[in-house]
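Undergrad: My structure is below; once you've seen it, I'll send some questions.
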Amino acid sequence: MLRADVSSLDAILITHEHNDHVAGMDDVRPFNFFQRRDMPVYATVRVAAELRRRFAYAFGPDAYPGAPRLLLQEIQKDTPIQIGSTSIVPIEVMHGSLPVLGFRVGSFTYLTDVKTISEAELEKVMGTEILIINALYHTPHPTHLHLEGALELIERIGPRKAYLTHIAHSMGRRCDVSPALPPGVELGWDGLEIVVD
Ligand SMILES: [Zn+2]
Ligand SMILES: [Zn+2]
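Mapping to numbering that gives the first Met the number 0: the sequence shown position 184 is 183, numbers consecutive.
Here it is as structure tokens:
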């Protein structure tokens, strides 16, 4: 957040409870301090319960002084979220056997830790112009799409531009991987900025 020079943050959308997706929760504190308010955090009922357990020091009447101040908002996969003037559509994808959420804002969709997606949820993604989707590496993995699987899904969705994320080191170097990617598909990078309509 420091390197990306993020000076304000309206809310946080949680895809799922795995540690690589929630371990930064303590870094909400400077936003609490400078914005002088609790941070709305959107998550499903299951994930919210897990956050309360894992970050117990930040919740309840005995919350530790100086802990991040989080305002948990429980959401469901079929109910759009409204944050200010922005409407956000949750999309449920399967991370192996674990249901996790992706999110669509206008023509932008963010999906991570996808292994499979139902036809009904895929319908919510259709029409996306800019897509972020996970691609771990070159061989199949039980709970994450590998490169070939991600490229197949990208082809079905047909975005104008797709960025791959959640990439393992064994994907290889950008200069070696990029030439083999279809037009409009690129490896994402830290600091990538996307303007959402
Ligand atoms: Zn995960
Ligand atoms: Zn992950």
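Where a beta carbon is used, it is the ideal one built from N, C-alpha and C, also for glycine. What you are looking at is a predicted structure, and each value in this text was computed from that prediction instead of being measured.
Quick one: measure Cβ to Cβ for Lys160 and Gly190, integer angstroms, because I've assumed they're closer than 8 Å.
TA: What you label residue 160 is simply residue 161 of the sequence shown in a count that begins at 1. What you label residue 190 is simply residue 191 of the sequence shown in a count that begins at 1. That belief does not hold up - the Cβ atoms of Lys160 and Gly190 are roughly 17 Å apart, past 8 Å.
Undergrad: Can you look up Lys123 in the DSSP assignment and give me helix, strand or coil?
TA: As a first step, residue 123 is located in the sequence shown; it is residue number 124 there, counting from the start. Correct three-state label for Lys123: helix.
Undergrad: Distance check for Pro89 and Gly83, CA to CA, integer angstroms please.
TA: Taking the sequence shown and counting its residues from 1, one reaches residue 83 at position 84. Taking the sequence shown and counting its residues from 1, one reaches residue 89 at position 90. Roughly 16 Å separates the two Cα atoms.
Undergrad: In angstroms with no decimal places, state the Cα-to-Cα distance between Glu122 and Phe102.
TA: Taking the sequence shown and counting its residues from 1, the one referred to as residue 122 is at position 123. Taking the sequence shown and counting its residues from 1, the one referred to as residue 102 is at position 103. The alpha-carbon atoms of Glu122 and Phe102 are separated by roughly 13 Å.
Undergrad: On the DSSP bridge assignment, give the partners of Asp108 in chain order.
TA: Here residue 108 is taken as the residue at index 109 of the sequence shown, counted from 1. Here residue 108 turns out to be Thr, not Asp, going by the sequence shown. In the DSSP output, where bridge partners are listed per residue, Thr108 has Arg103, Leu130.
Undergrad: Taking DSSP's pairing of strands, which residues face Val88 in a bridge?
TA: Here the question's residue 88 lines up with position 89 in the sequence shown. According to DSSP, which records beta bridges pairwise, Val88 is partnered with Arg103.
Undergrad: What residues in its chain sit with their C-beta under 7 Å from that of Asp26, if we drop five residues either side in the sequence?
TA: To locate residue 26, count along the sequence shown from 1; it is residue 27. Excluding positions up to five away in sequence, the list reads Met0.
Undergrad: Could you compute how far the alpha carbon of Glu118 sits from the alpha carbon of Met38?
TA: As a working note, residue 118 is residue 119 in the sequence shown. As a working note, residue 38 is residue 39 in the sequence shown. If I take the Cα positions, the gap works out to 34 Å.
Undergrad: Note down, in chain order, each residue of its chain lying with its Cβ closer than 6 Å to the Cβ of Leu12, except the 5 sequence neighbours on either side.
TA: On the sequence shown, position 13 is the one that residue 12 refers to. The residues are Tyr41, Phe102.
Undergrad: Confirm the yes/no value for this check: CB of His20, any heavy atom of ligand 1, distance under 7 Å.
TA: Taking the first residue of the sequence shown as position 1, residue 20 is located at position 21. Under cutoff, so the answer is yes.
Undergrad: Within 7 Å: the Cβ of Asp112 and any heavy atom of ligand 2?
TA: What you label residue 112 is simply residue 113 of the sequence shown in a count that begins at 1. Within the cutoff, so yes.
Undergrad: On the DSSP bridge list, what partners appear for Pro272?
TA: As shown, the chain starts at 0 and ends at 196. That puts residue 272 outside it, with no answer to give.
Undergrad: If you pair each beta-carbon of the stretch 133 to 140 with each one of the stretch 48 to 56, do three or more pairs fall below 8 Å?
TA: Short answer: they don't touch.
Undergrad: Give the DSSP-derived three-state secondary structure of Val40 in the structure shown.
TA: As a position in the sequence shown, residue 40 is number 41, starting the count at 1. The answer is strand: DSSP assigns Val40 an E or B state.
Undergrad: Can Glu91 and Leu97 be called in contact, C-beta distance under 8 Å?
TA: Taking the first residue of the sequence shown as position 1, residue 91 is located at position 92. Taking the first residue of the sequence shown as position 1, residue 97 is located at position 98. No, these two residues do not count as a Cβ contact at 8 Å.
Undergrad: Name, in chain order, the residues that DSSP records as bridge partners for Ile74.
TA: One-based indexing of the sequence shown puts residue 74 at position 75. Thr43.
Undergrad: Which residues does DSSP list as the beta-bridge partners of Gln81?
TA: Looking up residue 81 in the sequence shown gives position 82. Paired residue(s): Ser86.
Undergrad: Is the beta carbon of Thr115 closer than 8 Å to that of Ile156?
TA: Your numbering for residue 156 matches position 157 in the sequence shown. Your numbering for residue 115 matches position 116 in the sequence shown. Against a cut-off of 8 Å, the Cβ pair of Thr115 and Ile156 comes out as no contact.
Undergrad: So, at 6 Å on beta carbons, what are the nonlocal neighbours of Arg68 in its own chain, with the 5 sequence-adjacent residues on each side left out?
TA: What you label residue 68 is simply residue 69 of the sequence shown in a count that begins at 1. Taken in chain order, the residues that qualify are Asn31, Asp37.
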